[in-house]
Amino acid sequence: MSATNLLLVTLGLALASFAYGRSRAYSVARLHGGVRSMHSLPSHYGMMVALWCALPALAIIVGWKLFEPAVVSSFLHDYIPQSVYEAGEKSVDLYKNDIGNLVDSHAIADIQDPEKKAAAQQLANLQHTSSLALVVLALAAAIAGASLALKRIKANTRARQNVEKIVHFFLISCASIAILTTLGIVLSVLFESIRFFQEVSIIEFITGTKWSPQTAIRVDQVGSSGSFGAVPLFLGTMLISFIAMVVAVPFGLMSAIYLAEYASRPVRNICKPLLEILAGIPTVVYGFFAALTVAPALRSFGATLGLSVSSESALAAGAVMGIMIIPFVSSLSDDVITAVPQSMRDGSYGLGATKSETIRKVVIPAALPGIVGGILLAVSRAIGETMIVVMAAGLAANLTANPLEAVTTVTVQIVTLLTGDQEFDSAKTLAAFALGLMLFVVTLCLNVIALHVVRKYREQYE
Amino acid sequence: MNTAIANDTIDTSLIQRDPVKDSAQEAFHKLTETVGTPTVENAKMRSRDVNVFYGEKQAIFDVNLDIGNNEVVAMIGPSGCGKSTFLRCLNRMNDTIPSCKVTGNLSLDGEDLYGADLDPVLLRARVGMVFQKPNPFAKSIYDNVAYGPRIHGLSSNRAELDDIVVDSLRKAGLYDEVKDRLDAPGTSLSGGQQQRLCIARSIAVNPEVILMDEPCSALDPIATARIEELIDELRQNYAIAIVTHSMQQAARVSQRTAYFHLGKLVEVNATNDVFTNPQHELTENYITGRFG
Ligand SMILES: Nc1ncnc2c1ncn2[C@@H]1O[C@H](COP(=O)(O)OP(=O)(O)O)[C@@H](O)[C@H]1O
Ligand SMILES: [Mg+2]
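Quick mapping for you: the protein sequence lines, in order, are chains L and U. Taken in order, the first sequence gives residues 1 to 462; the numbers are from our numbering. Taken in order, the second sequence gives residues 1 to 292; the numbers are from our numbering.
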């Protein structure tokens with residue numbers, strides 16, 4: 001029986017035990033004078049039986065599958081020829097792999113080498129025994145668990161607590177999976193970065209102004225010494241994010257003020273979702289909009305003014321990124337502006353202030369912490385954005401503050417370092433992890449500050 | 001047809017009737033004119049035949065009421081009877097509610113409040129307002145008080161502004177408590193202090209009339225007593241209209257009392273008379289606690 005079938009059978013058993021447990025609970029209840037006399041509802045008893053049936057069996061299946069390969073291969077030892085052992089650790093693994101593949105593709109009969117054939121035969125036998133044993137064990141555990149639980153269907157068994165405890169535990173493990181995954185990613189980035197910093201000094205990485213990650217593959221190759229000064233990348237990131245914020249903050253804030261303070265209800269109900277649609281456009285679409293429409297337009301406009309604009313420019317990428325971020329800024333600001341209590345506006349009107357004075361001098365200052373929080377979140381979004389920049393700002397790591405030139409950003413470099421065929425232990429690929437780590441630290445700080453500011457603002461009016 | 005039959009078959013004699021409520025209802029329907037003296041000689045503000053509508057719904061019916069110089073007029077009545085609505089007509093705060101429509105004649109020193117050449121923004125500087133819940137701005141104590149003078153350009157330099165702020169805080173009886181921390185946020189004060197800050201804020205624009213909508217309902221008894229004292233002092237310089245839920249408060253701070261009921265002004269008289277010798281049945285019911 002394959003593992004999938006075994007799982008299905010276990011689930012079927014669990015369903016059956018739920019139904020049986022529940023009806024059993026009803027009949028026990030009838031003896032005691034009604035469902036009310038039982039501690040828990042019949043469905044809780046059914047659930048309890050089902051869980052007792054399924055969980056031990058599932059644990060056995062998962063555990064077995066985790067350890068089966070190691071155990072089985074240790075049984076193979078005697079069947080591997082001496083010559084393979086002599087060739088070293090690697091060739092043993094290779095040999096075992098080979099046999100494994102042959103067994104999986106049911107090709108044992110075609111094997112010429114008698115030693116290999118014997119080993120493969122042995123492996124097939126072992127696997128067969130193992131899966132039989134698993135079926136027997138798992139089903140036995142399921143039935144034993146279910147019958148134990150069935151015995152516990154009594155008036156005073158706290159089935160509900162029993163079930164809730166298991167559900168509780170299940171929820172905790174789901175939550176920890178998300179956390180553990182994040183932790184795993186962070187740690188792996190951290191360790192790879194440490195490996196990178198063993199090859200390239202951290203000082204050079206942070207202060208160096210030349211970025212050219214091509215390292216020589218052969219010793220006699222010329223010109224590709226590889227230098228890893230990340231300053232141009234961070235400067236490029238900052239330049240593009242800055243341009244994006246210059247576009248997004250005024251437009252986002254103004255539209256938020258319009259929507260929150262001036263727009264009539266029908267206008268607001270139409271405009272707000274429309275603005276939020278902007279946030280749903282895939283960034284790659286923005287990217288080719290930037291590369292194919294905005295960049296050439298900027299270039300020809302620059303030409304009429306006598307400016308030379310390169311065909312891939314920080315300005316094009318930043319401006320389009322800014323448009324992408326407008327809904328971010330406007331929707332967060334709109335929320336905080338509407339959260340400013342009406343009583344505060346009334347206080348201002350009551351002193352003879354006009355609507356615009358009230359908005360500028362009372363509402364916006366009161367909403368400012370929340371607005372700043374929203375803007376910081378938008379900045380970290382801008383810093384992490386990749387697609388638009390790849391398509392519209394280019395790959396050249398120029399150290400420049402001129403928005404009309406091509407620049408590149410941290411995220412774009414990570415993409416170019418890791419796409420294509422790469423060996424994963426050269427300084428060039430490890431550099432991607434170091435860049436990722438820096439980026440992670442920067443955006444993490446921004447997010448922490450932003451969330452802190454936003455939360456502080458919430459407290460003020462609750 | 002069916003309804004007529006149904007009506008005939010109901011035996012009305014079986015329904016328990018409340019004699020007080022019944023006669024009150026009758027009295028209310030008969031009510032066409034306010035009992036007492038709603039007008040005064042040299043009135044600061046006058047209202048004549050004022051009706052207020054929220055969309056289709058009428059909230060105020062034909063109200064006539066004067067507010068004299070240097071007097072406190074208290075407005076009492078059950079919740080939802082239109083006290084706030086009427087008060088908000090007096091400085092056109094109702095303009096901020098789109099569905100609200102006001103008819104009739106309201107005037108300040110004889111000038112029509114709803115006249116074509118009157119700017120509601122300027123009116124609100126002359127008729128200040130203090131709200132039910134203290135609503136200081138998210139600014140420092142100093143900036144809260146300086147807000148009005150700044151937008152109206154009442155001072156030409158910092159020293160003058162300082163004077164206005166200190167003076168207003170003094171008049172509101174708050175200066176001694178906050179003089180060391182004028183830079184602290186207004187929201188850091190206690191509820192009673194915040195309400196006095198709001199009073200200082202409206203005094204700072206040098207109004208002629210101050211409207212107060214239940215200014216003490218969010219405060220503890222001690223803070224309430226301070227504000228009541230303050231209202232009595234402010235009477236020397238301003239005309240004041242105050243909405244209150246507490247009859248004791250009305251008795252303590254006001255010279256005249258107006259009783260509102262379901263949007264109609266039932267009775268206006270000297271405060272003493274209203275509480276000791278109410279003229280109208282509805283007023284009497286409210287004051288003796290049989291209605292509310
Ligand atoms: N913004 C508004 N829109 C519609 N109806 C309102 C509004 N404000 C008050 N009302 C109605 O007007 C009536 C009087 O309200 P209000 O003046 O607040 O009473 P009070 O202050 O005496 O408790 C109430 O019936 C209330 O429901
Ligand atoms: Mg009210």
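Heads up, the beta-carbon is just placed ideally off N, CA and C, and yes, glycines get one too.
- [ ] Answer yes or no: do U/Met45 and U/Ile67 have a C-beta to C-beta separation smaller than 7 Å?
- [x] Contact flag set, yes.
TODO: Could you tell me whether the segment 70–88 of chain U touches the segment 158–167 of chain U, using the rule of 3 or more Cβ pairs below 8 Å?
DONE: No, because fewer than three Cβ pairs between the segment 70–88 of chain U and the segment 158–167 of chain U fall closer than 8 Å, the two stretches do not touch.
Open item on the list: Would U/Ala146 pass as an interface residue toward chain L - the criterion being a Cβ-Cβ separation below 7 Å?
Closed with: No, its Cβ sits nowhere closer than 7 Å to a Cβ of chain L.
- [ ] Verify the CB distance criterion: does L/Val453 have a CB-CB separation below 7 Å to chain U?
- [x] Output row for L/Val453: interface = no.
Open item on the list: One question on the structure: do L/Val340 and L/Val363 come within less than 7 Å of each other, judged by their Cβ atoms?
Closed with: Their beta carbons are under 7 Å apart, which means L/Val340 touches L/Val363 by this criterion.
TODO: Compile a chain-ordered list of the residues in the segment 61–77 of chain L whose CB is closer than 9 Å to at least one CB of chain U.
DONE: Residues of the segment 61–77 of chain L with a C-beta less than 9 Å from any C-beta of chain U: none at all.
Task: Bounding residues of the alpha helix (DSSP H) (the contiguous stretch that carries U/Cys198) - done: Unbroken alpha helix (DSSP H) run through U/Cys198: Gly191 to Ile203.
- [ ] Check each residue of the segment 244–267 of chain L: if its Cβ is closer than 8 Å to any Cβ of chain U, include it; give the result in chain order.
- [x] Listed by position, the residues of the segment 244–267 of chain L near chain U (Cβ gap below 8 Å) amount to none.
Task: Neighbour-count burial assignment, U/Glu214, 16 or more Cβ in a 10 Å radius - done: Answer is buried; the Cβ neighbour count reaches 16.
Open item on the list: Beta-carbon within less than 6 Å of U/Glu281's beta-carbon, same chain only, minus the 5 sequence neighbours each way: which residues are those?
Closed with: Closer than 6 Å at the Cβ level, and outside the excluded window around U/Glu281, lie Ala27.
Task: Simplified DSSP state of U/Ser107, which is helix, strand or coil - done: Three-state DSSP puts U/Ser107 in a strand.
- [ ] Would you kindly work out how many angstroms separate the C-alpha atoms of U/Pro207 and L/Val294, rounded to a whole number?
- [x] Note on geometry: alpha-carbon atoms of U/Pro207 and L/Val294 lie some 56 Å from one another.
Task: Proximal residues, the segment 362–382 of chain L versus chain U, C-beta separation under 7 Å - done: Per Cβ criterion, the list reads Val362, Pro365 and Ala366.
Task: Inter-residue Cα distance where the pair is L/Ile449 and U/Gly173 - done: Distance from the CA of L/Ile449 to the CA of U/Gly173, rounded to the nearest whole angstrom, comes to 40 Å.
Task: Contained beta strand (DSSP E) runs [length at least 3] in the segment 51–132 of chain U, N- to C-terminal order - done: As summarised for the segment 51–132 of chain U, the continuous beta strand (DSSP E) elements at least 3 residues long and confined to that stretch are 57–68, 72–76, 100–108 and 127–130, given in chain order.
- [ ] Would you give the residue range spanned by the beta strand (DSSP E) that L/Asn125 belongs to?
- [x] It is not in any beta strand (DSSP E) - L/Asn125 instead sits in the alpha helix (DSSP H) that spans Pro114 to Lys151.
TODO: Show which residues of chain U have a CB atom less than 9 Å away from the CB atom of L/Asp346.
DONE: At a beta-carbon threshold of 9 Å, the residues of chain U lying near L/Asp346 are Met93, Thr96, Met129, Phe131 and Asn135, ordered along the chain.
Task: Neighbourhood of U/Leu108 by C-beta distance below 6 Å, restricted to the same chain and skipping five residues each side - done: Contacts found: Met45.
- [ ] Determine the direct distance from the alpha carbon of L/Lys151 to that of L/Tyr496, and round the result to whole angstroms.
- [x] Because residue 496 of chain L is not part of the residues shown, which for chain L are 1 to 462, the question remains open.
Task: Chain-ordered chain U contacts of L/Thr338 [CB-CB under 8 Å] - done: Going along chain U, no residue has its Cβ under 8 Å from L/Thr338, so there is no contact; the nearest lies around 15 Å.
TODO: Could you tell me whether the Cβ of U/Asp273 comes closer than 7 Å to any Cβ of chain L?
DONE: Among the residues facing chain L, U/Asp273 is not included, as its CB has no counterpart in that chain under 7 Å away.
TODO: Could you tell me if U/His261 is buried or exposed, where buried requires 16 or more neighbouring beta carbons within 10 angstroms of its beta carbon?
DONE: Burial call: buried.
- [ ] Enumerate, from N- to C-terminal direction, the unbroken beta strand (DSSP E) stretches of 3 or more residues contained entirely within the segment 213–285 of chain U.
- [x] Whole beta strand (DSSP E) segments, 3+ residues: 239–243, 256–261 and 264–270.
- [ ] For U/Ile155, I'd like the list of residues in its chain whose CB is within less than 7 Å of its CB, leaving aside the five on either flank, ordered along the chain.
- [x] Sequence inspection shows Ser at residue 155 of chain U; the Ile mentioned does not correspond to that position. Answer for U/Ser155: Pro149, Leu161 and Ile164, listed in chain order.
Task: Paired residues, beta bridge with L/Ile60 - DSSP - done: BP columns for L/Ile60 are empty, so no partner.
Open item on the list: Cβ closer than 8 Å: which chain L residues qualify as neighbours of U/Leu122?
Closed with: Result: Gly352.
Open item on the list: What does the alpha-carbon distance come out to for the pair L/Arg22 and L/Ile172?
Closed with: Those two C-alpha atoms are separated by around 27 Å.
Task: Simplified DSSP assignment, three categories, for U/Lys44 - done: Reduced to three states, the DSSP call for U/Lys44 is strand.
Open item on the list: Quick check on DSSP: helix, strand or coil for U/Ile5?
Closed with: With a pLDDT of only 44 at U/Ile5, under the threshold of 50, the placement of this residue in the model should not be trusted; the figure read from the coordinates follows. In the three-state scheme derived from DSSP, where H, G and I count as helix and E and B as strand, U/Ile5 is classed as helix.
- [ ] Spell out whether any CB of chain L is found under 7 Å from the CB atom of U/Val52.
- [x] Chain L, which has no Cβ nearer than 7 Å to the Cβ of U/Val52, makes this no.
Task: Same chain, Cβ closer than 7 Å to L/Glu68, five either side skipped, listed in chain order - done: Closer than 7 Å at Cβ, skipping near neighbours: Ser130.
Task: Three-state class that DSSP yields for L/Ser212 in the structure shown - done: Secondary structure at L/Ser212: strand, using DSSP grouped into helix, strand and coil.
Task: Straight-line Cα distance separating L/Ser380 from L/Met254 - done: Roughly 21 Å between the two C-alpha positions.
TODO: State yes or no: is the beta carbon of U/Val205 nearer than 7 Å to at least one beta carbon in chain L?
DONE: It does: the Cβ of U/Val205 has a partner Cβ on chain L nearer than 7 Å.
TODO: Show which residues of chain U have a CB atom less than 7 Å away from the CB atom of L/Ser343.
DONE: In chain order, Phe131, Lys133 and Asn135 make up the part of chain U whose C-beta sits under 7 Å from the C-beta of L/Ser343.
Open item on the list: Can you check whether the C-beta of U/Ala138 is within less than 7 Å of a C-beta belonging to chain L?
Closed with: True, the Cβ-Cβ gap to chain L drops below 7 Å.
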